[in-house]
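Participant: Take this structure, written in structure tokens, and hold onto it; I'll ask about it next.
Residue numbers (the numbering used here), protein chains in the order written: chain A, -12 to 149; chain B, 24 to 279.
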């Protein structure tokens, strides 16, 4: 089934939001979105509808686990720098970004897909080929760990923005 | 969800916050939380966490989309030629093909088209060279089928060069969609498992361009256009080694 190019283009901001939270460094994150778009176009014939967003996000979320592992070590300062000039509450953002970086990739992925991208547990389970119960337990662990890390990380983040 | 008196678990509270419960169960859990202030505080904590995540990450979605990404989704080849690759272009080093190329033969293709091709080739290399189980759609032991299929889809002759002299064996190949156009990817592997990919695409005709080199992090690529076919050879960013392979590819495709 043909992909609506405009609809695909409209997904790019969300795809970038997800990949940046996964790999932090801007160029590497955009490379992943680029790979995802290339793959989506390559696999266009496999798209069965109805919704394009979960289908494309599944491609991005499943891009070689090796790459997520390799890129996890991206220098965290990039994320701080880019966070600091984006408006909103910089201290909160630094806290969240720092806390996120400490989450195992598989947990972070599930958390981002649900809490930020708004997918249902069922959709995430289908995207990642996991049972819904596994999605829920990863999500639960991710939330607990993030909450702990955000509490622990606040003073550091506040010092950094001064 | 017809059971009316199920106990409320921590996962129910999370599911409530994430909007996963049907209205009846959600009402039950809400009512239960009204009598359990500790758990209610936890639900509130999860709600705040969702908001914090969104407000921390939304600015990324508000950034202007890099041209290389929007052009890809746009899929219009005309827009590929926009002069937007200056940074990449600055990194390009022209490299003469040597004796194979008489000076009068050299005609450059449209500015930017070669760089675009190179970037697509590198991107495809990044995606597929790391694949262990599914690097290709058709394996190298079906070479004849592979080249027949790719030739039919590209509309220009596709040959799989024999690179055994460089210690490379054909893993196989696949069809790519490069901005909406078909492209062929052939993958080779050396004895150490290092992979090289050759991406071919039909382009507007040029006599022959010089070999050009581009690299992106640990991936290097030589690219050139010959007639109606653009070639990108990507592999580990060892320029001298890659050039040898590129020459071998060129020699195999243009014997004599």
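Even glycine gets a Cβ: it sits at the ideal position worked out from N, Cα and C.
So with CB distances below 9 Å, who are the chain B contacts of residue 18/A?
Facilitator: Within the first chain, residue 18/A is the residue found at index 31, counting from 1. Within chain B, the residues placing a beta-carbon under 9 Å from that of residue 18/A are 146, 149, 239 and 240, ordered along the chain.
Participant: Once you ignore the five residues that flank residue 36/B on each side, which residues in its own chain have a CB closer than 8 Å to its CB?
Facilitator: Numbered from 1 along the second chain, position 13 holds the residue referred to as residue 36/B. Leaving aside the five residues that flank residue 36/B on each side, the residues in its chain whose CB is nearer than 8 Å to its CB run, in chain order, 52, 56, 62, 65, 66 and 69.
Participant: Determine the DSSP secondary structure at residue 19/A, reduced to helix, strand or coil.
Facilitator: The count along the first chain starts at 1 and reaches residue 19/A at position 32. Helix, per DSSP.
Participant: In terms of residues, what are the limits of the alpha helix (DSSP H) holding residue 45/B?
Facilitator: For this step, residue 45/B is matched to residue 22 along the second chain. Note, residue 45/B: premise wrong, no alpha helix (DSSP H); not H, not E.
Participant: Where does residue 245/B sit, in a helix, a strand or coil, going by DSSP?
Facilitator: One-based indexing of the second chain puts residue 245/B at position 222. If DSSP states are grouped into helix, strand and coil, residue 245/B belongs with the strands.
Participant: In or out: residue 50/A buried (at least 16 other Cβ within 10 Å) or exposed?
Facilitator: The residue you call residue 50/A lines up with position 63 of the first chain. So residue 50/A ends up on the buried side.
Participant: Compare the C-beta of residue -1/A with all C-beta atoms of chain B and state if any pair is closer than 8 Å.
Facilitator: In the first chain, residue -1/A corresponds to position 12, counting from 1. For residue -1/A, the answer is yes, since a Cβ of chain B falls inside 8 Å of its Cβ.
Participant: Step through the CB atoms of chain A and report whether any lies within less than 8 Å of the CB of residue 278/B.
Facilitator: Position 255 of the second chain holds residue 278/B. Cβ-Cβ to chain A under 8 Å: no for residue 278/B.
Participant: Near residue 110/A, which residues of its chain fall below 6 Å by C-beta distance, leaving aside the five closest residues on each side in sequence?
Facilitator: In the first chain, counting from the first residue as 1, residue 110/A sits at position 123. Only 41 meet the Cβ criterion.
Participant: Can you tell me whether residue 82/B is helix, strand or coil according to DSSP?
Facilitator: Position 59 of the second chain holds residue 82/B. If DSSP states are grouped into helix, strand and coil, residue 82/B belongs with the helices.
Participant: Can you tell which of -12/A, 132/A and 80/A has the C-alpha that lies nearest to the C-alpha of residue 75/B?
Facilitator: Residue mapping note: residue 75/B aligns to position 52 of the second chain, counting from 1. Closest option to residue 75/B, Cα to Cα, is 80/A.
Participant: Do you know offhand how far residue 95/B's Cα is from residue 0/A's?
Facilitator: Along the second chain, one-based indexing puts residue 95/B at 72. Along the first chain, one-based indexing puts residue 0/A at 13. Spanning the two alpha carbons is a distance of roughly 14 Å.
Participant: When burial is assigned at 16 or more other CB atoms within 10 Å of the CB, is residue 158/B buried or exposed?
Facilitator: Along the second chain, one-based indexing puts residue 158/B at 135. Answer is buried; the Cβ neighbour count reaches 16.
Participant: Given that residue 72/B touches chain A, what residues does it touch there, using C-beta distances under 8 Å?
Facilitator: Working through the second chain from its first residue, we reach residue 72/B at position 49. Within 8 Å Cβ-Cβ: 102, 130, 133, 134 and 137.
Participant: Check whether the Cβ of residue 113/A lies closer than 8 Å to any Cβ atom in chain B.
Facilitator: Position 126 of the first chain, counted from the start, is the residue given in the question as residue 113/A. By this cut-off, residue 113/A is not an interface position.
Participant: State the DSSP-derived secondary structure class of residue 88/B, mapped to helix, strand or coil.
Facilitator: Taking the first residue of the second chain as 1, we reach residue 88/B at position 65. Residue 88/B falls in the coil class under three-state DSSP.
Participant: Mind pulling the chain B residues with CB within less than 7 Å of residue 8/A?
Facilitator: As a first step, residue 8/A is located in the first chain; it is residue number 21 there, counting from the start. Correct list: 80.
Participant: Would you identify the three-state DSSP class for residue 119/B, choosing helix, strand or coil?
Facilitator: Working through the second chain from its first residue, we reach residue 119/B at position 96. For residue 119/B, the predicted model reports a pLDDT of 28, less than 50, meaning its position is unreliable and no value from the coordinates is stated.
Participant: For the beta strand (DSSP E) that residue 195/B lies in, which residues bound it at each end?
Facilitator: By 1-based counting over the second chain, the position of residue 195/B is 172. Where residue 195/B is concerned, the enclosing beta strand (DSSP E) stretches over 192 to 201.
Participant: Counting Cβ pairs, one atom from each stretch, are 3 or more of them under 8 Å apart for the region 194 to 201 of chain B and the region 165 to 173 of chain B?
Facilitator: yes
Participant: For residue 125/A, which residues from the same chain have a beta carbon less than 7 Å from its beta carbon, with the 5 sequence-adjacent residues on both sides left out?
Facilitator: Residue mapping note: residue 125/A aligns to position 138 of the first chain, counting from 1. Here the set comprises 93, 94 and 97.
Participant: Only counting the same chain, and skipping five residues up and downstream in sequence, which positions put a Cβ closer than 6 Å to that of residue 160/A?
Facilitator: No answer is possible for residue 160/A: the residues shown for chain A start at -12 and end at 149.
Participant: Please go through the same chain and pick out, in chain order, the residues whose beta-carbon is closer than 6 Å to the beta-carbon of residue 217/B, but skip the five residues on each side of it.
Facilitator: Numbered from 1 along the second chain, position 194 holds the residue referred to as residue 217/B. Result list for residue 217/B: 259, in chain order.
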